[in-house]
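Below is one structure; the comments refer to it alone.
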Amino acid sequence: MAGGTGLVGGTLLQLLGGDTSYHRVTSLVRREVPTLPGVALQRVDFERLDQLVLPEVDDAFCCLGTTRRAAGSDAAFRRVDLDYVVAFARLAQRAGALRFLLVSSLGASPSSPFLYPRTKGECEAAISALGFTTVVIVRPSFLVGARAQARPTEAVALRVGQLIRPFLIGALRKYAPADATAVARTLVRAAATAPAGVMVIESDSIR
Ligand SMILES: NC(=O)c1ccc[n+]([C@@H]2O[C@H](COP(=O)([O-])OP(=O)(O)OC[C@H]3O[C@@H](n4cnc5c(N)ncnc54)[C@H](OP(=O)(O)O)[C@@H]3O)[C@@H](O)[C@H]2O)c1
């Protein structure tokens, strides 16, 4: 797991840590964090994932991500949301991973004129081209959940999303906020059931 200290990743790690179908769960972290039952923490330098060797891996889950604001520049944002994700995928692949499960975003598209969806789209394309047996890409809308640090812009977007939710029917349903716990559950289920190939789960299919 990469991104296991985040909103989706934290919930996902709790599920995986208690999942008896996994013999071992390892969370790659960049800082000191509290331990979780059933989860081994491994401090890593995300700039040097190419030098890391992991014991045998079956499934790799990636919930990494930052914001343009937190990263400080377009390039720094892309370093995390594209380069680190691809480096993590290559690391997992070297360890024998067959399945890669990625949290991307609603609207991800390599041809988007906007930084965030374009970077997410490029990341999806890069991961899909790596040759995993199964790639699962989940594209949530705004995430709902208890975040340790409030994000003012997200809070406003979320409030708007909740207000308009009753009107989001048919093709508009994918714009409704996505529950972070439901995203995590969707990933666990997909790891166990997704067939070979690339599977994209849009926000309105997250249960
Ligand atoms: N938030 C939304 O509304 C939303 C909507 C659609 C899609 N998404 C995408 O869904 C995914 C999960 O989102 P989330 O809100 O659960 O994420 P989050 O809570 O912001 O957590 C992000 C994770 O990435 C790690 N990370 C961030 N910057 C890093 C860096 N420079 N080096 C190493 N690790 C770094 C964080 O580690 P630390 O704890 O050490 O910082 C954390 O584990 C992301 O890819 C995000 O872009 C989010």
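The sequence shown begins at 0 in numbering that gives the first Met the number 0 and counts up by one. Ideal Cβ placement from N, Cα and C applies to all residues, glycine included.
Original post:
Which residue from Glu46, Gly120 and Leu97 puts its Cα closest to that of Arg78?
Top reply: Glu46
Subject >> Leu186 beta carbon near ligand 1 (any heavy atom closer than 8 Å) >> reply: no
Original post:
Buried or exposed: Ser204, going by 16 or more other Cβ atoms within 10 Å of its Cβ?
Top reply: exposed
**OP:** For Val43, collect the residues of the same chain with a Cβ closer than 8 Å to its Cβ; drop the 5 residues on either side in sequence, then sort them by chain order.
**Re:** Leu27, Val28, Arg29 and Leu51
Original post:
Should the stretch 120 to 131 be regarded as contacting the stretch 152 to 163, the criterion being three or more beta carbon pairs within less than 8 Å?
Top reply: no
Subject >> CA nearest to the CA of Met0, picked from Glu121, Leu186 and Val199 >> reply: Leu186
Original post:
Do you know offhand how far Gly64's Cα is from Asp82's?
Top reply: 11 Å
Original post:
If you draw a straight line from the C-alpha of Asp73 to the C-alpha of Arg89, how long is it?
Top reply: 23 Å
Original post:
Where does Ser140 fall in DSSP's three states?
Top reply: coil
**OP:** Assign Ala124 to one of two classes, buried (16 or more other C-beta atoms within 10 Å of its C-beta) or exposed (fewer than that).
**Re:** exposed
Original post:
Short check: CB of Cys122 to CB of Ala145, under 9 Å?
Top reply: no
Subject >> Residue interval of the alpha helix (DSSP H) (run including Val187) >> reply: Ala179 to Thr192
Subject >> Euclidean distance between Cα positions of Ala75 and Val84 >> reply: 13 Å
Original post:
For Asp80, is the beta carbon positioned less than 8 Å from some heavy atom of ligand 1?
Top reply: yes
Original post:
Under the criterion of a Cβ to heavy atom distance below 8 Å, does Leu167 qualify as lining ligand 1?
Top reply: no
Subject >> Start and end residues, beta strand (DSSP E) containing Ser127 >> reply: Ser127 -> not in any beta strand (DSSP E); alpha helix (DSSP H) instead, spanning Leu114 to Ser127.
Original post:
Can you tell me where the beta strand (DSSP E) with Asp58 in it begins and where it stops?
Top reply: Asp58 to Cys61
**OP:** Spatial neighbours of Gly196 within its chain, please: CB distance less than 8 Å, with the 5 preceding and 5 following residues excluded, ordered by chain position.
**Re:** Thr133 and Val134
**OP:** Output yes or no for whether 9 Å exceeds the beta carbon distance between Ala91 and Leu53.
**Re:** yes
Original post:
So is Val32 buried or exposed if we call it buried at 16+ other beta carbons inside 10 Å?
Top reply: exposed
Original post:
Where DSSP assigns a beta bridge to Ser110, which residues make up the other side?
Top reply: DSSP, once it has assigned bridges, lists no residue as partnering Ser110.
Original post:
So who's on the other strand from Arg42, going by DSSP bridges?
Top reply: Val28
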